[in-house]
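First comes the structure, then the notes that go with it.
In our numbering, the protein residues as written are -4 to 729.
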């Protein structure tokens, strides 16, 4: 459509979080234009369909493809100054193009929930309690019939301070009662940081070299890969580089793959740096995330510690970006805007002209490939810090050996000797629940999910059967639904079953189980970690969260209960992920002054991956894996995009993807189109799932093909009956 005559008021281009690849034009009414300047980065409230939405101004123009009489007007300007800068928009626009995702949804990712909802961009405040005039005068003994109120009043009179409702030892009911009696009053304060700095540790020669290399490049873009064995002091390297950044008055963004890692690292940072440190992740409240976002944007905070969602937080004075455990697949968003925090962090550092530091004991093959190509500079920490030595890895052949809930007699004996010396044991099994299968020995019936191609998992403590894919659940039956037999038995093992067995084998030892089921409650993980670090738990049992960089100085024996489940997979990433898991979990052993042992229970003791990893180490495995990837033409020697589609019936999905494949195959052969094929889990949550894989040795050719075809895909008739998504650089072929 030709451009229409320009209306008298300026036309504002607005990004709105909807799944459409376009901006939306609005008129700026004269009464609003007099309220202040409107410019990119300011939020506006606009009519959209039958509702109102919050959008971000991306630009102003004099023309529109929409006739003037059809343009709607902005309802309200929500900010007096831009929330996002030009460099923020540059990054978001690049990410939208690279991942072929609607710009409005990408921009929304950069904002905390409260700002997306149109609420004021004002720092969060905290409600605290202080003594009223009446409270100063009252005698605590007058409350002798209410001992908790009496103790709280006496505490406040003695300290003459304010108290938050969540202060340890503060009874909420007593606070409310004293408030109702007029002895207390509420005050609003902005949380202030508490500084307790400690001196830096002495750095080894390798640490000094790594610190000097990164610090020398402060003020310009460089990408570094810090490959340090587990326990080598990577965090100390981070902190000494951060100290150099802070001395220049600049800010640091530190990204972690999991929320569970933030409390430990946050405490180490607070112990070291006399600056404001904020956290940003999904377990915080909306107001806490807003406070952190605004503090980094304004420059009030010097360090932001967060998960991948923190990546887009604006920085007033950017100095350094760090990604710890860069190999972790959690850095790749798997729903909606499917971005890689690692790859976008590299792009952001380049745009900001600051260094980026990636750290890992088991670097991803992509990062090692980038070192080979000269894109990253490799920094190495080959020895453990202090007097700690690398743990000894042992393959324990469990063929023809009786198992007690997955534990062999040799392993149990090792556990007994370790515990007898007052040391801690860590058991790893990446399968929660009691058992993965419930089977009838009478007729062979197996408890299956009615919505997924998966078995229901037994959760014995709750007497429930639960699907770990769609979260559907049902009561654990007493009789077989098929034949009425009472011969229902669990098959296989989960962390819950091993925990039960450990209670029988080691009745005098305290067992802590760390998995999603035990750490859901707020503060539960921190409670268990404190218990472990204070030596109150002898045996630690858990799932993949144990492989995420936790520091357990008392652990000298680590056992991976079932290594074989990771040896066979249709995903070409599987070998890399298994090798990383073995090294990372094993790295929890012997991190202090006592030597550590790592036991791998297996029925495949001659498997080449295991023997190479244990005899030659992760670097040798990575070199071989890269050579195999190159020979097969797989990433990082090629580039992939995965189109996934699902619907309640298989036919429309197959029809849609066949039509997409036909569109893609109209072009030259630089991009291979593989499929469509059924997803590894063909049915999930009642949806039939298929996928189409695109692969090319040329990244530009792949993206050009997608740019040409994506608009046409939306016009395919079957597209209206299916849900589909595009995943650039997929890390999981689920």
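Each residue gets a CB set at the ideal place from its N, CA and C atoms; glycine is no exception.
Helix, strand or coil for residue i per DSSP?
i	result
residue 543	coil
residue 14	coil
residue 685	strand
residue 455	coil
residue 482	coil
residue -4	Unreliable positioning characterises residue -4 in this predicted model, as indicated by a pLDDT of 38, which lies under 50. The coordinate reading is nonetheless provided below. Residue -4 falls in the coil class under three-state DSSP.
residue 597	strand
residue 434	strand
residue 626	helix
residue 206	helix
residue 163	Residue placement at residue 163 cannot be trusted, given a pLDDT of 49 that sits under 50; what the coordinates show is reported in the next sentence. Three-state result, residue 163: coil.
residue 310	coil
residue 89	helix
residue 255	helix
residue 654	helix
residue 288	helix
residue 642	strand
residue 499	helix
residue 8	strand
residue 354	strand
residue 716	helix
residue 186	At residue 186 the pLDDT is 48, less than 50, meaning the model places this residue with poor confidence and gives no usable figure here.
residue 94	coil
residue 181	strand
residue 609	helix
With a 10 Å radius around its C-beta and 16 neighbouring C-beta atoms as the bar for buried, classify residue i as buried or exposed.
i	result
residue 665	exposed
residue 335	buried
residue 622	exposed
residue 588	exposed
residue 163	Unreliable positioning characterises residue 163 in this predicted model, as indicated by a pLDDT of 49, which lies under 50. A coordinate reading is not provided.
residue 285	buried
residue 466	exposed
residue 187	Annotation note: pLDDT 49 at residue 187 (below 50); position unreliable, coordinate value reported separately. So residue 187 ends up on the exposed side.
residue 647	buried
residue 47	exposed
residue 516	exposed
Give me the Cβ distance between residue i and residue j, rounded to the nearest whole Å; I'm assuming they're in contact under 8 Å.
i	j	result
residue 324	residue 726	5 Å
residue 685	residue 644	The pair is not a contact, with the Cβ atoms about 12 Å apart (cut-off 8 Å).
residue 719	residue 618	Their Cβ separation, rounded to whole angstroms, is 38 Å, which puts residue 719 and residue 618 out of contact at 8 Å.
residue 307	residue 87	7 Å
residue 591	residue 405	About 17 Å; that fails the 8 Å criterion.
residue 282	residue 304	Wrong, their Cβ atoms sit about 16 Å apart, outside the cutoff.
residue 102	residue 10	5 Å
residue 250	residue 317	7 Å
residue 243	residue 464	Between residue 464 and residue 243 the Cβ distance is about 48 Å, and since that is not below 8 Å, they are no contact.
residue 33	residue 72	6 Å
Going by beta-carbon coordinates alone, are residue i and residue j separated by less than 9 Å?
i	j	result
residue 337	residue 94	no
residue 38	residue 49	yes
residue 179	residue 234	no
residue 18	residue 99	yes
residue 671	residue 655	yes
residue 689	residue 700	yes
residue 232	residue 202	yes
residue 691	residue 633	yes
residue 288	residue 471	no
residue 241	residue 268	yes
residue 360	residue 223	no
residue 77	residue 36	yes
residue 509	residue 535	yes
residue 227	residue 459	no
residue 711	residue 658	yes
residue 504	residue 414	yes
residue 225	residue 579	yes
residue 146	residue 169	yes
residue 419	residue 550	yes
Validate contact between the segment 40 to 50 and the segment 58 to 70 using beta carbons, cut 8 Å, 3 pairs: yes
Is there contact here, the segment 418 to 434 with the segment 544 to 561, by at least three beta-carbon pairs under 8 Å? yes
So does the segment 424 to 438 actually touch the segment 478 to 491, counting three or more Cβ pairs closer than 8 Å? yes
Validate contact between the segment 210 to 224 and the segment 345 to 362 using beta carbons, cut 8 Å, 3 pairs: yes
Does the segment 598 to 607 come into contact with the segment 199 to 217, if we say contact requires no fewer than three beta-carbon pairs (one atom in each stretch) closer than 8 Å? no
Taking one C-beta from the segment 255 to 268 and one from the segment 529 to 545 each time, how about it: are there three or more such pairs within less than 8 Å? yes
Can you confirm whether the segment 446 to 453 touches the segment 472 to 483 when touching is taken to mean that 3 or more C-beta pairs between the two stretches lie within less than 8 Å? no
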